[in-house]
Amino acid sequence: MHVNGKVALVTGGAQGIGRAFVQALLGKGAKVALLDRNSEAGRESKAALDEQFEAQRTVFIQCDVTDQEQLKGAFKKVTEHFGRLDIVVNNAGVNNEKDWESTIQINLTSVIRGTYLGLEYMRKGNGGDGGVIINISSLAGENINTFYSLDYFKSDYIYIIEYLSGIKYGKADHLFSQKVRKQ
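Each residue of the sequence shown is one higher than the one before, starting from 1 at the first, in this note's numbering.
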């Protein structure tokens, strides 16, 4: 995929896999917005990336993806800062069996919201030029042992797969009439 000059938004972008996505995109010439609820990790990541890449190619936006208004605001800030949005990586995720409702909000609901916001901002009718949406999910629900039963993780995983399969295999093609690729 050609990403030089493209603008990407990565949720959970300050650490782990999200940070790796950010570095890979920057390495290929993209401009990247790191969204993360951890402001300290976000500022540290931004500073480290600024040493490796041009500072104007990154922006850190503190965002709790479970807060619909914060997520909407973050998408808006990205387009105001960079002038466009071409790539969305819905990467934020947690594994917390004690707070299962928050886990579902982060691992499932925010992916769906991020997908719809990406579609909205990349749509030609809204000034976009198409783009790519990449949704990350865990396979942890596939390997749950009998002593550590996390049915809600498995249901999250199954729901995301069914939801995204519906998008990929035509059940929601009306959403993709604007050149947004389905990954």
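For every residue, glycine included, the Cβ atom is placed at its ideal position computed from N, Cα and C.
What are the boundary residues of the beta strand (DSSP E) that T103 is part of?
Taken as a continuous stretch (DSSP letters only), T103 belongs to no beta strand (DSSP E), being part of the alpha helix (DSSP H) at W100 to I104.
Leaving aside the five residues before and after I133 along the sequence, list all residues of the same chain whose C-beta is less than 6 Å from its C-beta, in chain order.
So the qualifying residues of the chain are V88, T115 and G118.
Is the beta carbon of L26 less than 9 Å from the beta carbon of I61?
Result no, Cβ atoms of L26 and I61 do not sit closer than 9 Å.
Just to confirm before moving on: does the CB-CB distance between L49 and V22 stay below 9 Å?
Contact: yes.
Helix, strand or coil for V78, going by three-state DSSP, please let me know.
Looking at V78 - three-state DSSP - the assignment turns out to be helix.
Tell me the rounded alpha-carbon separation between Q233 and A30.
The displayed coordinates of the chain run from 1 to 183. Any statement about residue 233 would go beyond what the structure contains.
Using beta-carbon positions only, say whether G12 and D36 come within less than 9 Å of one another.
Yes. Within cutoff.
Answer yes or no: do R113 and L71 have a C-beta to C-beta separation smaller than 9 Å?
Result yes, Cβ atoms of R113 and L71 sit closer than 9 Å.
Under 8 Å Cβ to Cβ from F82, same chain only, skipping five residues before and after it: list those, please.
Taken in chain order, the residues that qualify are V7, K31, A33 and V59.
For the beta strand (DSSP E) containing G131, list its first residue and its last residue.
Note, G131: beta strand (DSSP E), G131 to N135.
Using the Cα positions of H191 and D129, report the straight-line distance between them to the nearest angstrom.
Coverage of the chain is limited to positions 1 through 183, which leaves residue 191 absent and any answer about it impossible.
Is T103 near V111, with beta carbons less than 9 Å apart?
Against a cut-off of 9 Å, the Cβ pair of V111 and T103 comes out as no contact.
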